[in-house]
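Colleague: Residue numbers (my numbering): -14 to 89.
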């Protein structure tokens, strides 16, 4: 038989207060946050020796063909593909496919 005495306490909780929930408006800070967007035309791997031997006019061959879509990243996360175009004498990208998002 266990003769150990247990302490029992009554718990009292404060009244819960219902707060209003609101729809996120476009002018709230989350929509004004800056996101880094980068476009990749391709990549390759080279030895340090080959990199040190590079000079003006050297050619670096990439892993993509000229007709392949460009990879578009937002904060280092691939989110779309596109093609390069010129707008107002600036290099631009036209989105051709947006990846499915797992955020929703």
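We put the CB at the ideal spot given by N, CA and C, even for glycine.
Given the structure is predicted, the values throughout are model-derived calculations rather than measurements.
1) To which residues of the same chain is residue 89 closer than 6 Å at the C-beta, ignoring the five residues directly before and after it?
2) Should the region 55 to 69 be called in touch with the region 37 to 45, which here means at least 3 C-beta pairs below 8 Å?
3) Could you give the DSSP three-state label for residue 36: helix, strand or coil?
4) Look up residue 68 in the DSSP assignment and give the residues it is bridged to.
5) Determine the closest residue to residue 50 out of 34, 62, 68, with distance taken between C-alpha atoms.
6) Nearest CA to the CA of residue 27: which residue from 52, 15, 17?
7) With the cut-off set at 8 Å, would you say residue 20 and residue 78 are in Cβ contact?
8) Mind checking which residues open and close the alpha helix (DSSP H) that includes residue 20?
Modeller: Checking against the coordinates, here is how it stands:
1) The count along the chain shown starts at 1 and reaches residue 89 at position 104. Per-residue confidence for residue 89 stands at a pLDDT of 44, beneath the threshold of 50, marking its modelled position as unreliable; no derived number is given.
2) Inter-segment contact for the region 55 to 69 and the region 37 to 45 is absent: fewer than three beta-carbon pairs are separated by less than 8 Å.
3) Position 51 of the chain shown holds residue 36. It is helical.
4) Sequence index remark: in the chain shown, residue 68 carries index 83 (1-based). In the DSSP output, where bridge partners are listed per residue, residue 68 has 79.
5) Residue mapping note: residue 50 aligns to position 65 of the chain shown, counting from 1. Measuring from the Cα of residue 50, the nearest candidate turns out to be 68.
6) Indexing the chain shown from 1 puts residue 27 at position 42. Of the candidates 52, 15, 17, 52 places its Cα closest to the Cα of residue 27.
7) In the chain shown, residue 20 corresponds to position 35, counting from 1. In the chain shown, residue 78 corresponds to position 93, counting from 1. Inclusion of residue 20 and residue 78 in the CB contact set at 8 Å is not warranted, their separation being larger than that value.
8) Sequence index remark: in the chain shown, residue 20 carries index 35 (1-based). For residue 20, there is no enclosing alpha helix (DSSP H), since its DSSP letter is neither H nor E.
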